[in-house]
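Colleague: Structure incoming, see below.
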């Protein structure tokens, strides 16, 4: 009797665990951006929220030799400083890889910006400085990107 109830309990536990796994939402995945330059890079991220509004925010600082992990459905923009954007157009030439881009608003201080795809909103809200700008954000999916010096 004890063996039977132990076996039944194990079967019920296994079934419950498999059922939960089968009906769970999509498992989260991540993208990774690694800084292979000898200087800090600044990363701004963007995503489409549940209300279908583009949100851009920043900044995350990635030290030389370090990596940053972020959700695989986020778009990213990378710069060294206000005057030096990191060139990433090589991403568009990856064979069999779907990389998407979008122009979104970037502010130079710490920020969260809603309706980031609207140039008019970006230009209007200068918050005391005038170097807001529309920049190209890249969606690379669940993979690793190495930020290196380009020729």
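Residue numbers (mature numbering (1 follows the signal peptide of the UniProt record, and there is no 0)): -19 to -1, 1 to 132.
Just so it is clear, CB atoms sit at the ideal spot from N, CA and C, and this is done for glycine as well.
Fair warning: this is a prediction, and the values are worked out from it, not measured in the lab.
Just mark residue 26 as buried or exposed, buried being the case when its beta carbon has 16 or more other beta carbons within 10 Å.
Modeller: Buried, since its Cβ has 16 or more Cβ neighbours within 10 Å.
Colleague: Should residue 57 be labelled buried (16 or more other beta-carbon atoms within 10 Å of its own) or exposed?
Modeller: Looking at its Cβ environment, which holds 16 or more other Cβ atoms inside 10 Å, residue 57 is buried.
Colleague: Residue 86 and residue 64 look like a contact to me (Cβ under 8 Å); what is the Cβ gap, rounded to whole Å?
Modeller: Incorrect: roughly 18 Å between the Cβ atoms, too far for contact.
Colleague: Measure the beta-carbon distance from residue 43 to residue 22 and round it to whole angstroms, keeping in mind my assumption that it falls under 8 Å.
Modeller: Their Cβ separation, rounded to whole angstroms, is 5 Å, which keeps residue 43 and residue 22 in contact under 8 Å.
Colleague: Would you mind reading off the limits of the beta strand (DSSP E) that contains residue 62?
Modeller: Start and end: 56 to 62.
Colleague: With which residues is residue 85 paired in a DSSP beta bridge?
Modeller: Bridge partners of residue 85: 116.
Colleague: Which of the three DSSP states is assigned to residue 96 in this structure?
Modeller: DSSP places residue 96 in coil when its eight states are reduced to three.
Colleague: Go ahead and label residue 5 buried or exposed: buried means 16 or more other beta carbons lie within 10 angstroms of its beta carbon, across all protein chains shown.
Modeller: For residue 5, the pLDDT reaches just 40, beneath the cut-off of 50, and the residue's location in the model is therefore unreliable, although a value from the coordinates is still provided. Exposed, because fewer than 16 other Cβ atoms sit within 10 Å of the Cβ of residue 5.
Colleague: Where residue 13 and residue 123 are concerned, what is the direct C-alpha to C-alpha distance, given to the nearest angstrom?
Modeller: So the two alpha carbons sit approximately 8 Å from each other.
Colleague: Within 10 angstroms of its Cβ, does residue 3 collect 16 or more other Cβ (buried), or is it exposed?
Modeller: For residue 3, the predicted structure reports a pLDDT of 40, less than 50, and the residue's modelled location is therefore unreliable. A value from the coordinates is still provided. Classification for residue 3: exposed.
Colleague: Out of curiosity, what's the CA-to-CA distance linking residue -2 and residue 10?
Modeller: Bear in mind that the predicted position of residue -2 carries a pLDDT of just 42, short of 50, making it unreliable; the figure below should be weighed with that in mind. In a straight line, the C-alpha of residue -2 is about 20 Å away from that of residue 10.
Colleague: I'd like to check one pair, residue 119 with residue 88: are the Cβ atoms closer than 7 Å?
Modeller: It is not a contact, given that the beta carbons lie outside the stated cut-off.
Colleague: Please classify residue 27: does DSSP put it in a helix, a strand, or coil?
Modeller: Reduced to three states, the DSSP call for residue 27 is strand.
Colleague: Look at the alpha carbon of residue 133 and the alpha carbon of residue 114, and state the distance between them as a whole number of angstroms.
Modeller: Residue 133 lies beyond the stretch modelled for the chain, which goes from -19 to 132, so this question has no answer here.
Colleague: Which residue's Cα is closest to the Cα of residue 31: 46, 20, 54?
Modeller: Measuring from the Cα of residue 31, the nearest candidate turns out to be 54.
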